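From first to last, the protein sequence lines stand for chains L and C.
So the first sequence is numbered by the numbering used here: it starts at 19 and just counts up by one.
So the second sequence is numbered by the numbering used here: it starts at 415 and just counts up by one.
Beta carbons: idealized from backbone N, C-alpha and C, even for Gly.
All values derive from a computational prediction rather than experimental measurement.
The structure under discussion appears below in the form of structure tokens.
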Amino acid sequence: MTGNTSTHRLPSYLEYQGKYTGILGWILSTDHKRIALLYLYSQLFFFLAGLVMGIFMKLELIAPGQQIMGPQAYNALFTVHGLTMIFLFIIPGLAASFGNFMIPIMIGAKDVAFPKLNLFSWYLFIAGAVIILIGIFSGDGPPDTGWTFYAPYSLKTNTNVVLSVFGAFVLGFSSILTGLNFIVTIHRMRAPGMGFFRMPLFIWSLYGTAWIQLLATPVVGITFLMVVADRMLDIGFFDPAKGGDPVLYQHLFWIYSHPAVYIMILPAMGAITEIIVTFSRRTVFGYKAIAMSSLAIAFVGYLVWGHHMFTSGMSETARLVFSFLTFLVAIPSAIKVFNWTATMYKGSISLEPPFWWAMAFIFIFMIGGLTGLILGSVSTDVHVHDTVFVVAHFHYIVFGGAGIAFFAALHYWYPKMFGKMYSKKIANWGLIGLFVGFNTTYMPMFFLGFMGMPRRYYDYLPQFADLNLLSTVGSWIMAASLIVVIVNLLRARKGTPEEMDDPWGGRTLEWKIESPPSLENFEEIPVIDSEPYELKSK
Amino acid sequence: MSEHKNHISTYKSQILVLLTLIMLTVLTVVITSVHLGPFNTAAAMLIASVKAAIVLLYFMHLKFDEKIYRFMVTLVLAIYAVVIIITFFDYLYR
Numbered sequence: 019m020t021g022n023t024s025t026h027r028l029p030s031y032l033e034y035q036g037k038y039t040g041i042l043g044w045i046l047s048t049d050h051k052r053i054a055l056l057y058l059y060s061q062l063f064f065f066l067a068g069l070v071m072g073i074f075m076k077l078e079l080i081a082p083g084q085q086i087m088g089p090q091a092y093n094a095l096f097t098v099h100g101l102t103m104i105f106l107f108i109i110p111g112l113a114a115s116f117g118n119f120m121i122p123i124m125i126g127a128k129d130v131a132f133p134k135l136n137l138f139s140w141y142l143f144i145a146g147a148v149i150i151l152i153g154i155f156s157g158d159g160p161p162d163t164g165w166t167f168y169a170p171y172s173l174k175t176n177t178n179v180v181l182s183v184f185g186a187f188v189l190g191f192s193s194i195l196t197g198l199n200f201i202v203t204i205h206r207m208r209a210p211g212m213g214f215f216r217m218p219l220f221i222w223s224l225y226g227t228a229w230i231q232l233l234a235t236p237v238v239g240i241t242f243l244m245v246v247a248d249r250m251l252d253i254g255f256f257d258p259a260k261g262g263d264p265v266l267y268q269h270l271f272w273i274y275s276h277p278a279v280y281i282m283i284l285p286a287m288g289a290i291t292e293i294i295v296t297f298s299r300r301t302v303f304g305y306k307a308i309a310m311s312s313l314a315i316a317f318v319g320y321l322v323w324g325h326h327m328f329t330s331g332m333s334e335t336a337r338l339v340f341s342f343l344t345f346l347v348a349i350p351s352a353i354k355v356f357n358w359t360a361t362m363y364k365g366s367i368s369l370e371p372p373f374w375w376a377m378a379f380i381f382i383f384m385i386g387g388l389t390g391l392i393l394g395s396v397s398t399d400v401h402v403h404d405t406v407f408v409v410a411h412f413h414y415i416v417f418g419g420a421g422i423a424f425f426a427a428l429h430y431w432y433p434k435m436f437g438k439m440y441s442k443k444i445a446n447w448g449l450i451g452l453f454v455g456f457n458t459t460y461m462p463m464f465f466l467g468f469m470g471m472p473r474r475y476y477d478y479l480p481q482f483a484d485l486n487l488l489s490t491v492g493s494w495i496m497a498a499s500l501i502v503v504i505v506n507l508l509r510a511r512k513g514t515p516e517e518m519d520d521p522w523g524g525r526t527l528e529w530k531i532e533s534p535p536s537l538e539n540f541e542e543i544p545v546i547d548s549e550p551y552e553l554k555s556k
Numbered sequence: 415m416s417e418h419k420n421h422i423s424t425y426k427s428q429i430l431v432l433l434t435l436i437m438l439t440v441l442t443v444v445i446t447s448v449h450l451g452p453f454n455t456a457a458a459m460l461i462a463s464v465k466a467a468i469v470l471l472y473f474m475h476l477k478f479d480e481k482i483y484r485f486m487v488t489l490v491l492a493i494y495a496v497v498i499i500i501t502f503f504d505y506l507y508r
């Protein structure tokens with residue numbers, strides 16, 4: 019790379035004083051890095067809110083019978099927990115925060131293609147959150163349908179479904195506009211010399227994600243409006259008495275919501291790739307295979323939604339087709355894992371905290387992925403459908419996968435974002451606690467599910483008591499560890515700035531500019547004349 | 415980046431497109447009186463897709479734009495077509 023030598027330091031994006039100062043300097047800023055931090059802080063806030071709800075749910079399940087809440091409160095709690103964690107934390111996920119921060123820097127641009135649209139997306143995100151919040155505290159109380167809003171119950175319940183689905187609809191717009199912005203940025207704003215196959219693999223994963231955001235989200239937006247229309251205008255899209263079909267709701271919902279899992283996990287995989295390459299001190303093994311597997315996951319992920327519906331009354335033919343297609347997703351996913359392993363092979367591995375977080379991701383994600391095969395196969399799925407086995411699998415993928423990758427990315431790019439370093443020792447201990455707590459919480463749920471414990475009930479039979487108690491204790495360890503991790507990062511924010519331009523020996527463009535970056539990232543747009551991850555280019 | 419050239423359509427082509435769209439609309443209505451079972455919906459969707467394609471190609475100038483945009487739009491529509499076909503599989507075989 020040439021053309022990017024910075025001999026003097028410009029004010030960083032954190033110090034820069036534009037037209038507005040103070041809080042206005044943040045909420046009216048169109049700088050992609052400030053918007054990324056707006057997303058990051060908002061997402062972490064929602065994550066902590068969702069975590070508190072999860073802890074209360076686990077507390078209710080500590081023993082059989084009613085403990086701290088009744089069935090209606092429990093139903094509302096798991097619905098709002100799901101809504102918060104899914105729509106407000108993990109769907110924006112790594113793309114909204116780290117994608118926003120890193121895309122322009124990693125492709126050698128000064129900002130995203132549409133900076134104002136970027137800020138507008140964040141406002142839509144907050145507006146959607148506020149609408150959902152109003153829905154919780156107004157009318158006939160929070161929705162009790164589960165985050166999936168399945169018809170016909172979502173049409174019949176007296177709780178505040180309309181505002182919640184409308185909030186999710188608005189959040190969808192935020193996601194669509196972010197995806198659009200990223201696609202245009204990646205296509206049009208790459209630095210000279212950076213062809214598609216010279217892009218860092220995190221960017222490839224975000225590119226695949228952006229297409230899913232753009233193409234799948236409108237489907238769920240329309241579906242939510244159909245629910246509103248059914249409830250308010252009594253049209254009957256999903257009501258058999260009026261010629262509608264409740265299974266159609268499930269089709270439409272999962273046409274979006276299964277690809278949405280890849281919206282969550284693809285950027286996570288991209289960040290993990292960056293971390294493994296950096297700390298293995300090797301060039302990446304199988305660059306093109308990893309890049310193409312991101313697109314393959316995005317594409318095949320579109321065609322597998324029916325595996326959520328094996329017991330819905332769907333036709334036998336459709337069940338077999340969906341089961342077959344589901345198994346195809348394993349191929350590109352395995353390509354990534356094998357390439358990560360091959361990248362580490364004979365590498366000079368540096369055991370820093372982000373690397374440990376990445377290893378925790380692979381371990382947990384593999385368990386999540388392999389238990390997914392049980393759910394993807396029709397015969398075994400029928401046995402465990404709607405049991406807590408599904409909840410365990412889902413949390414292994416979404417929390418253990420995407421969630422842990424979120425924190426891995428945060429530990430990896432933290433010095434770049436803030437120009438400071440956290441306590442590595444505490445970060446490692448936090449991870450150990452989280453790893454133990456996570457597995458203690460969710461592993462018993464696999465067994466409980468096989469034993470037949472249904473999901474979404476505030477009570478259970480006495481034979482499930484021991485494993486539920488273990489799971490609840492695990493949730494305490496997990497929550498305590500998460501607090502340690504977050505406090506460690508927040509404390510580091512107050513620390514003194516250090517020389518942090520490239521603490522890990524990274525090879526992508528973000529490590530070649532100062533930390534924290536200046537307002538426009540580069541004094542001069544760099545010219546790329548080497549392959550990504552080349553050791554000699556440093 | 416190549417400089418974008420505006421294409422100006424002739425009146426003749428515009429009128430031809432308009433007439434085709436009207437004909438297809440009439441066909442959509444007529445086909446409802448032919449009993450095709452579940453394929454009535456498929457026929458209606460097929461005609462609507464052809465109409466949308468004509469609008470995209472001629473009125474929205476996709477035909478005269480760069481290949482990459484034609485490829486992207488075709489890919490998107492192909493994905494939607496596959497999604498709809500798979501959904502219909504369920505209804506046909508239920």
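Is Trp222 (chain L) near the ligand FMN, going by C-beta to nearest heavy atom under 8 Å?
With respect to the ligand FMN, the structure shown offers nothing to examine, as it has no ligands at all.
Got a sec: which bits of the stretch 313-333 of chain L sit with their beta carbon under 7 Å from any beta carbon on chain C, in order along the chain?
Residues Tyr320, Leu321, Met332 and Ser333.
Please tell me whether Asn136 (chain L) and Thr196 (chain L) are closer than 9 Å, where the distance is taken between their beta carbons.
Their beta carbons are under 9 Å apart, which means Asn136 (chain L) touches Thr196 (chain L) by this criterion.
Can you tell which of L:Tyr141, L:Gly288, L:Gly365 and L:Tyr267 has the C-alpha that lies nearest to the C-alpha of Phe297 (chain L)?
Checking every option, the nearest Cα to that of Phe297 (chain L) belongs to L:Gly365.
To test your reading of the DSSP string, which unbroken alpha helix (DSSP H) runs of 4 or more residues are found completely within the stretch 371-415 of chain L?
DSSP runs (the alpha helix (DSSP H)) wholly in the stretch 371-415 of chain L: 371-394, 396-402 and 406-415.
Determine, using beta carbons only, whether Val487 (chain C) comes closer than 9 Å to chain L.
Closer than 9 Å: no.
Is the Cβ of Leu506 (chain C) closer than 9 Å to any Cβ of chain L?
Yes, Leu506 (chain C) lies at the interface with chain L (some Cβ there is under 9 Å from its Cβ).
Interface residues of chain C around Ala336 (chain L) at Cβ under 7 Å?
The contacting residues are Phe503, Asp504 and Tyr507.
Just the Cα atoms here: how many angstroms apart are Asp547 (chain L) and Ala127 (chain L)?
About 16 Å.
Taking 9 Å as the CB-CB cut-off, is Val402 (chain L) touching chain C?
It does not: the Cβ of Val402 (chain L) has no partner Cβ on chain C nearer than 9 Å.
So if DSSP puts Pro472 (chain L) in a beta bridge, which residue, or which two residues, is it bridged to?
Per DSSP, L:Thr405.
Return the residue from the list L:Phe256, L:Gln84, L:Glu528 and L:Leu181 that minimises the CA-CA distance to Met244 (chain L).
Nearest C-alpha to Met244 (chain L): L:Phe256.
Can you tell me which of the three DSSP states Val431 (chain C) falls into?
The answer is helix: DSSP assigns Val431 (chain C) an H, G or I state.
What distance in whole Å lies between the Cβ atoms of Ala147 (chain L) and Leu181 (chain L), which are believed to be in contact at a cut-off of 8 Å?
Not quite, the Cβ-Cβ distance comes to about 12 Å (not below 8 Å), so this is no contact.
Run through the DSSP bridge pairs and tell me what Ser30 (chain L) is partnered with.
According to DSSP, Ser30 (chain L) bridges with L:Ser536.
Where Ser447 (chain C) and Tyr505 (chain C) are concerned, what is the direct C-alpha to C-alpha distance, given to the nearest angstrom?
Each residue's alpha carbon lies about 22 Å from the other.
What whole-angstrom Cβ distance do Leu77 (chain L) and Ile86 (chain L) have, given they're in contact under 8 Å?
Right, the Cβ-Cβ distance comes to about 6 Å (below 8 Å), so this counts as a contact.
What first and last residue would you give for the alpha helix (DSSP H) that runs through His276 (chain L)?
Residues Pro264 to Ser298.
Using 9 Å as the threshold, is the C-beta distance between Tyr476 (chain L) and Pro89 (chain L) below it?
The answer is yes: Cβ separation under 9 Å.
Since Ile493 (chain C) meets chain L, which of its residues come closer than 8 Å, beta carbon to beta carbon?
Those are Leu233, Phe317 and Tyr320, listed as they occur along chain L.
Less than 8 Å between the CB atoms is what I'm expecting for Trp375 (chain L) and His429 (chain L), so what's the real figure, rounded?
About 6 Å separates the two Cβ atoms, so the contact holds.
Taking Cβ-Cβ distances below 9 Å as the criterion, which residues of the stretch 249-281 of chain L are in contact with chain C?
So the close ones are Asp263, Val265, Leu266, His269, Leu270 and Ile273.
Rounded to a whole number of angstroms, what is the C-alpha to C-alpha distance between Asp479 (chain C) and Ser193 (chain L)?
So the two alpha carbons sit approximately 27 Å from each other.
Could you give the residue range of the alpha helix (DSSP H) that holds Glu334 (chain L)?
Glu334 to Met362 is the span of the alpha helix (DSSP H), which, as asked, contains Glu334 (chain L).
In this structure, does DSSP put Leu471 (chain C) in helix, strand or coil?
Here Leu471 (chain C) sits in helix by DSSP.
Counting only beta-carbon atoms, is Phe340 (chain L) nearer than 9 Å to chain C?
Chain C contact via Cβ: present.
Please report how far the alpha carbon of Thr301 (chain L) lies from the alpha carbon of Leu313 (chain L), in whole angstroms.
Cα to Cα, Thr301 (chain L) sits roughly 21 Å from Leu313 (chain L).
Determine the DSSP secondary structure at Met207 (chain L), reduced to helix, strand or coil.
Met207 (chain L): coil per DSSP, three-state reduction.
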